[in-house]
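Chemist: Chains as they are written, first to last, in our numbering: chain A, 348 to 645; chain B, 99 to 337.
For every residue, glycine included, the Cβ atom is placed at its ideal position computed from N, Cα and C.
Note that the structure is a prediction, hence the values are computed from the model and not measured.
Quick one: this structure, given as structure tokens, is what I'll be asking you about.
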Amino acid sequence: MCGIVGLLIKNPAMRGQLGSLMVPMLAEMAARGPESAGLAVFTGELPEGDRKYSLYAPAWDYPWADFEAAFIKRFGVEAQIVVKGNHAVLTCDEPADVFKHWIKEAFPALHVLATGRVMDIYKDIGHPTDVAKRYDFSKLAGTHLIGHTRMATESAVTPDRAHPFTAGEDFCLVHNGSISNPYMIRRKLEHQGIRFETDNDTEAATRFLEWRTREGDSLEQALERGFKELDGFYTFLIGTENKLALVRDAFACKPAIVAETEDYVAIGSEFRALAHLPGIDHANLFEPMPEELHVWQV
Amino acid sequence: MAGVTATVPTAATRVFDLADAPVRALNQFLHHELRGSGVQRVEILNPNGAHNIAVGIDHPVTIDIQGHGGYYVAGMNKHADVTVHGNVGWGVAENMMSGTVRVKGFASESAGATGHGGTLIIEGDASLRCGISMKGIDIVVGGRVGNFSAFMGQAGRLVVCGDAGDGLGDSLYEAVLYVRGKIKSLGADAQEEPMTEADLAGVADLLKKAGFPYDPTEFKRVASARSLYHWNADANQEY
Numbered sequence: 348m349c350g351i352v353g354l355l356i357k358n359p360a361m362r363g364q365l366g367s368l369m370v371p372m373l374a375e376m377a378a379r380g381p382e383s384a385g386l387a388v389f390t391g392e393l394p395e396g397d398r399k400y401s402l403y404a405p406a407w408d409y410p411w412a413d414f415e416a417a418f419i420k421r422f423g424v425e426a427q428i429v430v431k432g433n434h435a436v437l438t439c440d441e442p443a444d445v446f447k448h449w450i451k452e453a454f455p456a457l458h459v460l461a462t463g464r465v466m467d468i469y470k471d472i473g474h475p476t477d478v479a480k481r482y483d484f485s486k487l488a489g490t491h492l493i494g495h496t497r498m499a500t501e502s503a504v505t506p507d508r509a510h511p512f513t514a515g516e517d518f519c520l521v522h523n524g525s526i527s528n529p530y531m532i533r534r535k536l537e538h539q540g541i542r543f544e545t546d547n548d549t550e551a552a553t554r555f556l557e558w559r560t561r562e563g564d565s566l567e568q569a570l571e572r573g574f575k576e577l578d579g580f581y582t583f584l585i586g587t588e589n590k591l592a593l594v595r596d597a598f599a600c601k602p603a604i605v606a607e608t609e610d611y612v613a614i615g616s617e618f619r620a621l622a623h624l625p626g627i628d629h630a631n632l633f634e635p636m637p638e639e640l641h642v643w644q645v
Numbered sequence: 099m100a101g102v103t104a105t106v107p108t109a110a111t112r113v114f115d116l117a118d119a120p121v122r123a124l125n126q127f128l129h130h131e132l133r134g135s136g137v138q139r140v141e142i143l144n145p146n147g148a149h150n151i152a153v154g155i156d157h158p159v160t161i162d163i164q165g166h167g168g169y170y171v172a173g174m175n176k177h178a179d180v181t182v183h184g185n186v187g188w189g190v191a192e193n194m195m196s197g198t199v200r201v202k203g204f205a206s207e208s209a210g211a212t213g214h215g216g217t218l219i220i221e222g223d224a225s226l227r228c229g230i231s232m233k234g235i236d237i238v239v240g241g242r243v244g245n246f247s248a249f250m251g252q253a254g255r256l257v258v259c260g261d262a263g264d265g266l267g268d269s270l271y272e273a274v275l276y277v278r279g280k281i282k283s284l285g286a287d288a289q290e291e292p293m294t295e296a297d298l299a300g301v302a303d304l305l306k307k308a309g310f311p312y313d314p315t316e317f318k319r320v321a322s323a324r325s326l327y328h329w330n331a332d333a334n335q336e337y
């Protein structure tokens, strides 16, 4: 079992409340996944040449100042770095391949959780309410987010195997369920030069879908292809810089419910995750059917 | 000579606000304190999608749930008359024995699963696997039912006023299904059959009980062809 939540704010005046509306959703879904939690939040877009990197360190009191000094020494420019304990978001204009190569050589203990111009990721092991407090989720602002509470079935309980998973830039996915053919998908993608960072089944699904979008599929076409190639049980919630997408497998073995109002679209594994939202009594509530595409634009 | 049995004077209606009291307090009342309390009606406020609301009732009582329920609402119900003034999650009235459960909104998956008796009425749509392994329950759905409904249904009746999804009645035993709308596909060993006088009378009775204004002659009967009753080693997994 796992819990998924998602929130897309339609009313620009409410975008400052994105995090505070979401935290009770995540807390309510802790019963479905009490051991790890995470979220990806989409904030304002950086200029074309800039990138931000969500970084994970092995210690809460990691010496980020030393890391920043090494960055300046290597690249000869200042970087903006926002630290929350063992997480930091670094913004700079270094291209992803150059930056990632350097960090792998110089700081092998650091893990790059996400790359993009819009998306920040926080994920860790621990009870979801503790994780939410640890990273001040309630203060997050932005247009949309996806979140996850994990009860592991397919791989170990570690921060890098918590959801969301990412691939490429500004592309992330949370999953309730289990994929039956992740190694087949992996072998196929590895032949395309795609590298994996964990042994997790959800990572295979994430990298498959993101690869399809780079090969020219729209997000919708990639998801249609996923129905044919990804075998297993899943409710997937996917975030990109301007979209939220929700799909369930052919047997709809894992739950999902959507509440839509003029102000927001909210998604949860169960209604209890949505019960506290403002205006929920008048929301349009529905459950997606198997293999239906539900895509919302920011 | 027996003494006078003390009676506790209580109001006929008891209210549980789940914003204040846990579901466990409600269910402990229903299991251990309801009988002999004089309470005839229980009203449940702020259900907010909580699981296991009013499960395991074994006594006549009227229950009104004012909002949306979570999983297993009124599961294992015996004797009670339960109305949900909203939607429900998975497994509403699962394994029901008797009584009535009415859902004013929609029901998520596996509504009425393994139900032995009583009547489950869903005024909106029911999702996948409605009536899976039903064992004698009557289920009346005002809207459509999702894929794989009545899978391995052993006894009882499922009346669907809207459409039915894929694989309706797969591997049916003796449960009988009545569908007013389109059937996307029948499951293995399920077949359409002519409506008999007894079928028409039975459907009329259930529609009346549910309060749905349809004519029983609009319904098709689906039942087991009984070709899976005995193991056929030559079937080569082709059903």
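Do T111 (chain B) and R133 (chain B) have their C-beta atoms closer together than 9 Å?
Modeler: Against a cut-off of 9 Å, the Cβ pair of R133 (chain B) and T111 (chain B) comes out as no contact.
Chemist: Buried or exposed: where does S367 (chain A) fall if 16 or more other Cβ atoms within 10 Å of its Cβ makes it buried?
Modeler: S367 (chain A) comes out exposed.
Chemist: In whole angstroms, give me the CA-to-CA distance for R379 (chain A) and G240 (chain B).
Modeler: If you take the alpha carbons of R379 (chain A) and G240 (chain B), they lie about 31 Å apart.
Chemist: With a threshold of 9 Å between beta-carbons, can L226 (chain B) be considered close to chain A, or not?
Modeler: Yes - at least one Cβ of chain A is within 9 Å of the one on L226 (chain B).
Chemist: Mind listing which residues of the stretch 370-384 of chain A have their C-beta closer than 7 Å to chain B's C-betas, in chain order?
Modeler: Correct list: empty, as no residue qualifies.
Chemist: Counting only runs of 3+ residues fully inside the stretch 175-220 of chain B, write out the beta strand (DSSP E) ranges in chain order.
Modeler: Within the stretch 175-220 of chain B, the complete beta strand (DSSP E) runs of at least 3 residues are 179-182, 198-201, 217-220.
Chemist: Under 9 Å, do G463 (chain A) and I356 (chain A) count as touching if we go by C-beta distance?
Modeler: Cβ distance not < 9 Å, so G463 (chain A) and I356 (chain A) don't count as in contact.
Chemist: Do T181 (chain B) and K202 (chain B) come within 9 Å of each other at the CB atom, strictly closer than that value?
Modeler: The answer is yes: Cβ separation under 9 Å.
Chemist: Name the chain A residues that come within less than 7 Å of G147 (chain B), Cβ to Cβ?
Modeler: Within chain A, the residues near G147 (chain B) are E617, F618, R619, A622.
Chemist: If you count every other CB in all the chains shown that lies within 10 Å of the CB of P107 (chain B), and 16 or more means buried, which is it?
Modeler: Since pLDDT at P107 (chain B) reaches only 45, below the 50 mark, its modelled position is unreliable, and the value read off the structure follows with that caveat. Classification of P107 (chain B): exposed, given that the 10 Å Cβ count is below 16.
Chemist: Closer than 7 Å by beta-carbon distance: list the chain A residues that pair up with R187 (chain B), in chain order.
Modeler: A quick correction: the sequence has Gly, not Arg, at residue 187 (chain B). Those within 7 Å of G187 (chain B) in chain A are E617, F618.
Chemist: Buried or exposed, going by whether 16 or more other CB atoms sit within 10 Å of the CB of W378 (chain B)?
Modeler: In this structure chain B extends from 99 to 337, so residue 378 (chain B) is not present and cannot be described.
Chemist: Rounded to a whole number of angstroms, what is the C-alpha to C-alpha distance between A350 (chain B) and R561 (chain A)?
Modeler: In this structure chain B extends from 99 to 337, so residue 350 (chain B) is not present and cannot be described.
Chemist: In its own chain, which residues sit with a C-beta less than 8 Å from the C-beta of H474 (chain A), not counting the 5 before and 5 after it?
Modeler: Result list for H474 (chain A): A377, P381, E382, A384, in chain order.
Chemist: Look up D115 (chain B) in the DSSP assignment and give the residues it is bridged to.
Modeler: B:L143.
Chemist: Quick check on the DSSP output: what are the complete beta strand (DSSP E) runs of length 3 or more inside the stretch 436-492 of chain A, in order along the chain?
Modeler: Those beta strand (DSSP E) runs which fall completely within the stretch 436-492 of chain A and span 3+ residues are 458-463, 466-472.
Chemist: For chain B, find out if any of its Cβ atoms is closer than 9 Å to the Cβ of E607 (chain A); answer yes or no.
Modeler: With 9 Å as the cut-off, E607 (chain A) does not count as an interface residue toward chain B.
Chemist: Measuring CB atoms only, is the stretch 579-586 of chain A touching the stretch 595-604 of chain A, in the sense that at least three cross pairs come out at less than 8 Å?
Modeler: The stretch 579-586 of chain A is in contact with the stretch 595-604 of chain A.
Chemist: Could you pull the DSSP bridge partners for Q252 (chain B) from this structure?
Modeler: Per DSSP, none; premise fails for Q252 (chain B).
Chemist: List the residues that DSSP assigns as beta-bridge partners of T549 (chain A).
Modeler: DSSP output for T549 (chain A) lists no bridge partner at all.
Chemist: Report the rounded CA-to-CA distance for G162 (chain B) versus I142 (chain B), giving the unit in angstroms.
Modeler: Before going on, a small fix: residue 162 (chain B) reads as Asp here, not Gly. Straight-line Cα distance between these residues: approximately 6 Å.
Chemist: Could you tell me whether any Cβ in chain A is nearer than 9 Å to the Cβ of N334 (chain B)?
Modeler: Cβ-Cβ to chain A under 9 Å: no for N334 (chain B).
Chemist: Among A:T545, A:P529, A:G515, A:Y409, which residue has its Cα nearest to the Cα of E588 (chain A)?
Modeler: Cα-wise, what sits closest to E588 (chain A) is A:G515.
Chemist: I'd like the list of long-range same chain contacts for D564 (chain A), defined as Cβ closer than 7 Å, with 5 residues on each side in sequence excluded.
Modeler: Same-chain partners within the cutoff: R572.
Chemist: Taking C-beta to C-beta, are P158 (chain B) and A172 (chain B) nearer than 9 Å?
Modeler: No, they are not a contact pair.
Chemist: Closest Cβ-Cβ distance between Y271 (chain B) and chain A: below 9 Å?
Modeler: For Y271 (chain B), the answer is no, since every Cβ of chain A falls outside 9 Å of its Cβ.
Chemist: Taking the alpha-carbon of Y276 (chain B) as reference, which of B:V257, B:G167, B:G244 has the nearest alpha-carbon?
Modeler: Checking every option, the nearest Cα to that of Y276 (chain B) belongs to B:V257.
Chemist: Helix, strand or coil for A224 (chain B) per DSSP?
Modeler: Strand at A224 (chain B).
Chemist: How many angstroms separate the CA atom of D517 (chain A) from the CA atom of M466 (chain A)?
Modeler: Answer to the nearest angstrom: the Cα atoms are 6 Å apart.
Chemist: Quick check: is the beta carbon of Y169 (chain B) nearer than 9 Å to any beta carbon in chain A?
Modeler: It does; some Cβ of chain A falls within 9 Å.
Chemist: Report the rounded CA-to-CA distance for E576 (chain A) versus D264 (chain B), giving the unit in angstroms.
Modeler: Cα-Cα distance, rounded: 21 Å.
Chemist: What's the call for S616 (chain A), buried or exposed, on a 16-neighbour Cβ count within 10 Å?
Modeler: Classification for S616 (chain A): buried.
Chemist: So what's E639 (chain A) in DSSP terms, helix, strand or just coil?
Modeler: Coil at E639 (chain A), not helix or strand.
Chemist: What is the C-beta distance between I151 (chain B) and V121 (chain B), in whole angstroms, given that I count them as a contact (C-beta under 8 Å)?
Modeler: Indeed they touch by this definition, with Cβ atoms about 6 Å apart.
Chemist: State the DSSP-derived secondary structure class of I155 (chain B), mapped to helix, strand or coil.
Modeler: I155 (chain B) falls in the coil class under three-state DSSP.
Chemist: With contact counted as at least three CB pairs below 8 Å, one residue from each stretch, are the stretch 273-287 of chain B and the stretch 312-332 of chain B in contact?
Modeler: Yes: at least three Cβ pairs fall under 8 Å.
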